[in-house]
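Protein chains in written order, with our numbering: chain A, 68 to 175; chain B, 41 to 155. I have placed the structure first, in the form of structure tokens, so that the comments after it can refer back to it.
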């Protein structure tokens, strides 16, 4: 059975802090790993990773994939209150398998 | 640009009543369509996906069903709701034949409460 585990389940930081969110997986026929941000309703797409060691960046967010160790991290630098959300990791083969998400709260 | 719509946004239904949730996509042709359920503390669970009109794959045995009567319309139904059907239902679409070929884009969701 395909499995995606995210950690920590939740964390609280102060504005300006840097956070690292973890995602490990066990899936057959891996194709890609995706990160989503879910604030109130629909998850919004952040990154899609298919190759090991190639960092993807978007502003203060960056992510990297390790296909040998079967994990990915999502980094957020200089956090802002608007970064407060649930961050979802999903792994794709013929379908997406999601982790339970990480709840990030950024305090002013 | 592509947009995805879901309705209703919120629904409260008694146990044993029927259900119909609708999802439509605009601005793209022949999308892959997906229904997910998000229950508290459990993450997103894939319920159904469709790669074309009339083609439905079920991921989890349950009392729900899905149909795709038109290219950009996806419907989630139940004849008799259970308490355990409560949750946040999300529709999503993607291009490509397999889920891993492209990102999935999610609709605004329907919050279903079964009492």
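Positions of the beta carbon are idealized from the N, C-alpha and C atoms, including for glycine. All values derive from a computational prediction rather than experimental measurement.
So who's on the other strand from residue i, going by DSSP bridges?
i                     : result
residue 78 (chain B)  : B:84, B:128
residue 133 (chain A) : A:138
residue 79 (chain A)  : A:172
residue 70 (chain A)  : A:93
residue 123 (chain A) : A:130
residue 44 (chain B)  : B:65
residue 49 (chain B)  : Per DSSP, none; premise fails for residue 49 (chain B).
residue 92 (chain B)  : B:95
residue 105 (chain A) : A:153
residue 86 (chain A)  : A:143
With a threshold of 8 Å between beta-carbons, can residue i be considered close to chain B, or not?
i                     : result
residue 254 (chain A) : Since the first residue shown for chain A is 68 and the last is 175, residue 254 (chain A) is missing from the structure and cannot be characterised.
residue 166 (chain A) : yes
residue 109 (chain A) : yes
residue 155 (chain A) : yes
residue 101 (chain A) : yes
residue 162 (chain A) : yes
residue 138 (chain A) : no
Hey, is residue i's beta-carbon within less than 8 Å of any beta-carbon in chain A?
i                     : result
residue 92 (chain B)  : no
residue 99 (chain B)  : yes
residue 48 (chain B)  : no
residue 84 (chain B)  : yes
residue 102 (chain B) : no
residue 147 (chain B) : yes
residue 66 (chain B)  : no
residue 89 (chain B)  : yes
residue 62 (chain B)  : no
residue 81 (chain B)  : yes
residue 95 (chain B)  : no
Can you grab the Cα-Cα spacing for the pair residue i / residue j, in whole Å?
i                     : j                     : result
residue 102 (chain A) : residue 157 (chain A) : 6 Å
residue 50 (chain B)  : residue 120 (chain A) : 42 Å
residue 81 (chain B)  : residue 110 (chain A) : 16 Å
residue 129 (chain A) : residue 91 (chain A)  : 17 Å
residue 68 (chain A)  : residue 76 (chain A)  : 21 Å
residue 142 (chain A) : residue 94 (chain A)  : 23 Å
residue 134 (chain A) : residue 54 (chain B)  : 46 Å
residue 63 (chain B)  : residue 102 (chain B) : 20 Å
residue 57 (chain B)  : residue 124 (chain B) : 13 Å
residue 42 (chain B)  : residue 73 (chain B)  : 13 Å
residue 74 (chain A)  : residue 81 (chain A)  : 19 Å
residue 97 (chain A)  : residue 106 (chain A) : 27 Å
residue 117 (chain B) : residue 105 (chain B) : 5 Å
residue 77 (chain B)  : residue 126 (chain A) : 31 Å
residue 47 (chain B)  : residue 79 (chain B)  : 18 Å
Just verifying my parser: in three-state terms, what is the DSSP assignment at residue i?
i                     : result
residue 68 (chain B)  : coil
residue 117 (chain A) : coil
residue 149 (chain B) : coil
residue 56 (chain B)  : coil
residue 148 (chain A) : helix
residue 155 (chain B) : coil
residue 155 (chain A) : strand
residue 123 (chain B) : helix
residue 144 (chain B) : coil
residue 109 (chain B) : strand
residue 135 (chain B) : coil
residue 161 (chain A) : coil
* **the segment 142-154 of chain B in contact with the segment 108-118 of chain A per 3-pair CB rule at 8 Å** => yes
* **Stretch pair the segment 115-129 of chain B + the segment 148-164 of chain A: three plus CB contacts closer than 8 Å** => Flag = no, the segment 115-129 of chain B and the segment 148-164 of chain A do not touch.
* **Inter-stretch contact at 8 Å, needing at least 3 Cβ pairs: the segment 105-117 of chain B / the segment 60-76 of chain B** => Using a C-beta cut-off of 8 Å, the segment 105-117 of chain B makes contact with the segment 60-76 of chain B, since at least three inter-stretch Cβ pairs fall below that distance.
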